[in-house]
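Reading through the structure tokens given below for one structure.
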Amino acid sequence: MFSLKIPQNLKVSRTAKYHNVLNPDNKYRLSLCVLCGLLLIYNLSVLSCERPEHSRADVALGTVCTVTLFDQGKSSIYNDIFKRISEIENLMSVRIPTSDISRINAAAGIKPVQVHEETFKVIKRAVYYAELCGGAFDPTIGPLVSLWGFYNDNPRIPSQEEIDIVLPLINWRNIELDPETNSVFLTQHNMTLDLGAIAKGYAADESARIAREAGITAAIIDLGGDIMLLGVKKDKSLWKVGLQNPDEDQGFTIGYLQIPESSVVTSGVYERFFIEEGIRYHHIFQPSDGYPVNNGLLSVTIIAKNSMDADALSTAAFVLGYQKGRVLIESLPSVEAVFIFQDYTIRTTTGVNLVITDKSFNLLTTELHRVF
Ligand code: AMP
Ligand code: MG
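And the structure:
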């Protein structure tokens, strides 16, 4: 159905040992869930006692997308959903030269670019979150992702000089939006937008909308770990969503969330990374210093009504770190978070229903002001 190429200079690692010194022979190890390429691999695995009548999986948005429609899963609905995901990818992917995002990037510092209203809407939401979290989430992160080699699957540690050159380009304030014409202008040459931290969420919301409008009463939409749980199960019990062990192979869970209809999105160090001299370098960047975030967290999972918001917030809270991230999440109605730390402790916001099954992880109830 599709083929996945592994670049020769990369090794695929499915054993993510974050803080251990690794065999120096394994100089570069990159774990991409897409490269692993198995349709059964999820960042989060969804557990359910109901058996789906139909399920379809495909590669899109740079990841494995799996849609499970319970009871009335007709092919035409699956077709519509995957067509929609592909449309969104064609508009918003930085890897597609004709996408709106690529066109905006090519015109950076030159002229505004008129885009599809959907692209405009997602960029506007990204800017909203950038402002809300003081720039920890920043959709102009593109030059850093590119410098570290996460676009071309050839990752490397750049020199400080190289980082210093691109850092001034990372600034969401230099995005100019014109809602009259749906135009977007990046004011500096060489700026680039990257919606990698929010577009999958939008695609999950759109997929859920299509399923709902087609009369589907229960569905699981899993776009590479951006999960939408739609409706209620036949037995009316809560959905159970496995939480990925961020320090293990994909599919190993530390426990599960019990939730009603919601979106569950995780940002973690295990999604795309390479290891050099025992240090893990992953794909989520601290815009202030240009390095992969290193704040004691392995992952942040957000539970929210809407997947676009959950996606942006998981990245934002991960970059902000536990204290600031938790304050942000607690300030938002109907949004919850699970923070997993390098020392295998877990902290959650107050409304989370989490069952831990892996006893090496410790759920702490420490008051916010006493942590760190
Ligand atoms: P996620 O897995 O949703 O946290 O998104 C990670 C992706 O978002 C990365 O692969 C980058 O493309 C992009 N990204 C990395 N760091 C940031 C950041 N600080 N703000 C916004 N997007 C980011
Ligand atoms: Mg995200």
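Start counting the sequence shown at 475; every next residue gets the next number (my numbering). Virtual Cβ for every residue (Gly too), placed ideally from N, Cα, C.
Close Cβ partners of residue i (< 8 Å) along its chain, the five nearest in sequence each way excluded
i	result
Pro613	Ile597, Ala600, Val601, Ala604, Trp646, Ile649, Leu667, Asp668, Leu669, Ala671 and Ile672
Ile515	At Ile515, the pLDDT of 34 sits below 50, so the modelled position is not reliable and the matter cannot be decided from this model.
Ile570	Glu563, Asn564 and Ser576
Asp831	The question names Asp, but residue 831 in the sequence shown is Thr. Once the five neighbours on either side are set aside, the close Cβ partners of Thr831 are Thr727, Ile728, Gly729 and Tyr730.
Residues near residue i in its chain [Cβ-Cβ closer than 6 Å; skip 5 each side]
i	result
Phe835	Ile728, Tyr818 and Ile820
Glu563	Ala534 and Leu535
Arg530	Val541 and Tyr552
Asp700	Lys674, Gly675, Ala678, Val739, Ser781 and Asp785
Met702	Ala678, Ala682, Ile695, Ser737 and Ser781
Ser773	Pro720, Thr740, Gly742 and Ile814
Ser549	none
Ser657	Pro586 and Gln588
Gly623	Pro629 and Arg630
Trp713	Leu703 and Ile733
Extent of the continuous beta strand (DSSP E) to which residue i belongs
i	result
Asp700	Asp700 to Gly705
Leu731	Thr727 to Ile733
Glu591	Counting along the chain, Glu591 falls outside any beta strand (DSSP E), though it belongs to the alpha helix (DSSP H) covering Glu591 to Leu606.
Leu543	Thr537 to Leu543
Ala673	Counting along the chain, Ala673 falls outside any beta strand (DSSP E), though it belongs to the alpha helix (DSSP H) covering Ala673 to Glu687.
Asp652	Ile649 to Asp652
Asp532	His528 to Ala534
Ile749	Phe747 to Glu750
Val658	Ser657 to Leu660
For residue j and residue i, believed in contact at Cβ under 8 Å, the rounded distance
i	j	result
Tyr824	Asp696	It is worth fixing the name first, because residue 824 is Thr in this sequence and not Tyr. Not a contact, Cβ separation roughly 26 Å.
Glu745	Ile777	With 8 Å as the limit, Glu745 and Ile777 do not qualify as a contact, their Cβ atoms being about 18 Å apart.
Asp785	Gly675	3 Å
Val706	Leu731	Not confirmed; about 16 Å, so no contact.
Val568	Gly608	Val568 to Gly608, Cβ: 24 Å. No contact.
Val640	Gly752	Rounded, the Cβ-Cβ distance is 26 Å, inconsistent with contact.
Arg558	Ile684	6 Å
Gly689	Gln546	7 Å
Ile749	Asn827	Not quite, the Cβ-Cβ distance comes to about 34 Å (not below 8 Å), so this is no contact.
Thr775	Leu837	Contact doesn't hold; Cβ gap of about 13 Å is too wide.
Ala430	Leu802	This structure cannot speak to residue 430, because the chain is shown only from 475 to 846.
Beta bridge counterpart(s) of residue i as assigned by DSSP
i	result
Trp713	Ile733
Ser773	Gly742 and Ile814
Arg569	In DSSP, Arg569 forms no bridge with anything.
Ala581	Answer is none; Ala581 lacks a bridge partner.
Asp696	Thr540 and Ile701
Pro766	Phe759
Val587	Val658
Ala778	Ser737
Ile753	Glu750
Thr819	Asn836
Element boundaries [alpha helix (DSSP H), containing residue i]
i	result
Ser834	Per DSSP, Ser834 belongs to no alpha helix (DSSP H) and is neither H nor E.
Arg852	The question about residue 852 has no answer, for the chain in this structure spans 475 to 846.
Leu618	Gly616 to Leu621
Val826	From DSSP, Val826 is part of no alpha helix (DSSP H); its letter is neither H nor E.
Glu722	Unbroken run through Glu722: none, as it is neither H nor E.
Ile637	Gln634 to Val640
Same chain, Cβ closer than 7 Å to residue i, five either side skipped, listed in chain order
i	result
Ala582	Leu660, Gln662, His663, Asn664, Met665 and Thr666
Gly795	Asn769 and Leu771
Met566	Ser573, Asp574, Ile575, Thr593, Val596, Leu669 and Ala673
Val793	Ala610, Phe611, Ile758, Gln760 and Val767
Ser808	Ala778 and Lys779
Arg686	Leu704
Glu524	A caution first: Glu524 carries a pLDDT of 46, below 50, which makes its placement in the model too unreliable to give a value.
Glu680	Arg558 and Ile562
Asn626	none
Glu591	Asn656
Leu618	Val640, Ile644, Phe759 and Gly764
Ser788	Val739, Thr740, Ser741, Val774, Thr775 and Ile776
is_contact[residue i, chain D] using C-beta, thresh 8 Å
i	result
Tyr796	Annotation note: the requested chain D is absent from the structure, which comprises a single protein chain.
With the ligand MG as the reference, list in chain order each residue whose Cβ lies under 7 Å from any of its heavy atoms. Ala671, Ile672, Gly675, Val739, Ser741, Asp785, Ala786, Ser788 and Thr789
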